[in-house]
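In my numbering, the protein residues as written are 1 to 430.
Glycine is no exception: its CB is placed at the ideal position from the N, C-alpha and C atoms.
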Ligand code: 4AD
Ligand code: MG
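As structure tokens, this is what we get:
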């Protein structure tokens, strides 16, 4: 009977056949231990010389790292095994012997591993990280579907920019200019006026010349947008969503968290409400901490974000940034035009901004003024203004960067391991 490691507990005492790759091998005389991976998990195959035919014994000896094979045997429960089970091998059929697999058990440099990303994905650590990513994706759909949100897919090829023009990826759209989407937000605002609560989940592109541990050129963003929702309610949804994500990973990914050595006690502490500080308070705090470089009006850089977040065990909202430091669509704080109803959510342990969100301008006259200030004269912005003309309502939304969330929840040094094939400033291979 065909089986996979993930469902091996249903086959105790039975003879099964697993399609697998050899991860590692040990042998001592008349016994060979095969560490097998089948994509769903790891299991040890025990080959006893006396229990298999000669051909299978010889084939087991031939197996090299990452050779592919069908292995048949009886499933036994084994409390000491990492998977809890072991396979007593009865026969082996080689599919292909892998010659000189480049990634061995010795230490490799990061650039070497990145050049072999197509193979590196097979390692137990990368496997665990990308499974946690998958759990976050599943949990995202569950959270928004369970809370009455409709998924709406904004376009990827666009004629306008949502987050400023400096880091747009330009392309030709027949004889017009077009850009790869930086954010679906403007379209999600249109969708919120049609469906009330909506979310998108798709790729975003930023031609940012940033070479940091937190920046990708292509990343995945979840962008909810809610009609009849103010700044305060927006933050509440973010707290609930982030808490839901963390709990789901803790519930379903204990093995993966263990494989990557994550200290889960830090994740156990995540529960709403999250602390908040205003931008004004944050600037004062940073000055007290000896940051002389920060002036009221500046956006924060990584060191500033880290210094703020270090004071909390849980994510912290920094609210009400200066109007001039943020995007054109954010609603000013009533009575204080110089700051806006927005928040960045900073993850603990120095992972920086994982969410950016705000209440949007719903007043037609103010939006017209912003169009002038920001020179949004291009006809590609015409439709967005019309959203303020036909039944405008208070509305808010936010964007969570999936890879930033994976990096934080997994406790990774660098964002490059959070996505199967990272697009970085100097890398589009493989
Ligand atoms: O703060 P950002 O630029 O906000 C927006 O795009 C809004 N339009 C979202 C909205 O309100 N609908 O980006 C949102 C999040 C950031 O907090 C960060 O997590 C992630 O997207 N992000 C990046 N992740 C990886 N690499 C990059 N270069 C990123 N830029 C932003
Ligand atoms: Mg931001």
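Query, Result
"When you compare the stretch 171-188 with the stretch 120-138, are there three or more beta-carbon pairs, one atom per stretch, that lie closer than 8 Å?", "no"
"Going by CA-CA distance only, name the one from 372, 250, 247 and 191 that's closest to residue 227.", "191"
"Taking one C-beta from the stretch 165-175 and one from the stretch 207-214 each time, how about it: are there three or more such pairs within less than 8 Å?", "yes"
"Spatial neighbours of residue 40 within its chain, please: C-beta separation below 6 Å, excluding the five flanking residues on both sides.", "4, 5 and 6"
"My parser needs the alpha helix (DSSP H) runs of 4 or more residues fully inside the stretch 295-343; what are they?", "302-309"
"Spatial neighbours of residue 391 within its chain, please: CB distance less than 8 Å, with the 5 preceding and 5 following residues excluded, ordered by chain position.", "193"
"Residues with a Cβ closer than 6 Å to any heavy atom of the ligand MG, in chain order?", "344, 353 and 356"
"Would you kindly work out how many angstroms separate the C-alpha atoms of residue 21 and residue 81, rounded to a whole number?", "18 Å"
"Please tell me whether, using a cut-off of 7 Å, the distance from the CB of residue 34 to the nearest non-hydrogen atom of the ligand 4AD is below it.", "no"
"Pull up the CB-CB distance for residue 9 and residue 85, whole angstroms please, since I reckon it's below 8 Å.", "7 Å"
"Please state the DSSP three-state secondary structure of residue 203.", "strand"
"Got a sec? Which residues, its chain only, sit under 7 Å from residue 430 by beta carbon, not counting five neighbours each side?", "117, 118 and 421"
"If you draw a straight line from the alpha carbon of residue 140 to that of residue 58, how long is it in whole angstroms?", "48 Å"
"Hey, would you say the C-beta of residue 199 is under 7 Å away from at least one heavy atom of the ligand 4AD?", "no"
"Could you pull out every residue in the same chain whose Cβ sits closer than 7 Å to the Cβ of residue 283, ignoring the five residues on either side in sequence?", "294 and 296"
"Indicate whether at least one CB of chain C lies closer than 8 Å to the CB of residue 166.", "In summary, chain C is missing from the structure at hand, where a single protein chain is found."
"Buried or exposed for residue 24, going by 16 or more other Cβ atoms inside 10 Å?", "exposed"
"Where does residue 221 fall in DSSP's three states?", "strand"
"Should the stretch 403-411 be regarded as contacting the stretch 260-269, the criterion being three or more beta carbon pairs within less than 8 Å?", "yes"
"With DSSP run on the structure shown, which of helix, strand or coil describes residue 228?", "coil"
"Taking 6 Å as the limit between beta carbons, can you name the residues of its chain near residue 289, skipping five residues before and five after?", "307"
"Have a look at residue 256 and residue 417 and give me their C-alpha separation to the nearest angstrom.", "14 Å"
"To test your reading of the DSSP string, which unbroken alpha helix (DSSP H) runs of 4 or more residues are found completely within the stretch 347-427?", "364-373, 382-386 and 402-410"
"How many Å lie between residue 304 and residue 314 at the Cα?", "17 Å"
"Could you please give the first and the last residue of the uninterrupted beta strand (DSSP E) stretch that includes residue 278?", "276-278"
"What is the C-beta distance between residue 89 and residue 75, in whole angstroms, given that I count them as a contact (C-beta under 8 Å)?", "Rounded, the Cβ-Cβ distance is 11 Å, inconsistent with contact."
"Is it buried or exposed, residue 54, if we count other Cβ atoms within 10 angstroms and call 16 or more buried?", "exposed"
"DSSP has residue 32 in a bridge; who is on the other side?", "27 and 47"
"Check residue 136 in the structure and name its three-state DSSP category.", "helix"
"Got a sec? Which residues, its chain only, sit under 7 Å from residue 216 by beta carbon, not counting five neighbours each side?", "403, 415, 419, 422, 423 and 424"
"Given that a residue counts as buried once 16 or more other Cβ atoms are within 10 Å of its Cβ, and exposed if not, what is residue 344?", "buried"
"Could you spell out where the alpha helix (DSSP H) holding residue 189 opens and where it closes?", "185-195"
"With distances taken from CA atoms, which of 51, 33 and 272 is nearest residue 44?", "33"
"Does DSSP classify residue 3 as helix, strand or coil?", "coil"
"Compare the Cα-Cα distances from residue 102 to each of 187, 330 and 67 and report the closest residue.", "67"
"On the premise that residue 222 lies in contact with residue 199, defined as a C-beta separation below 8 Å, what is that separation, rounded to the nearest angstrom?", "6 Å"
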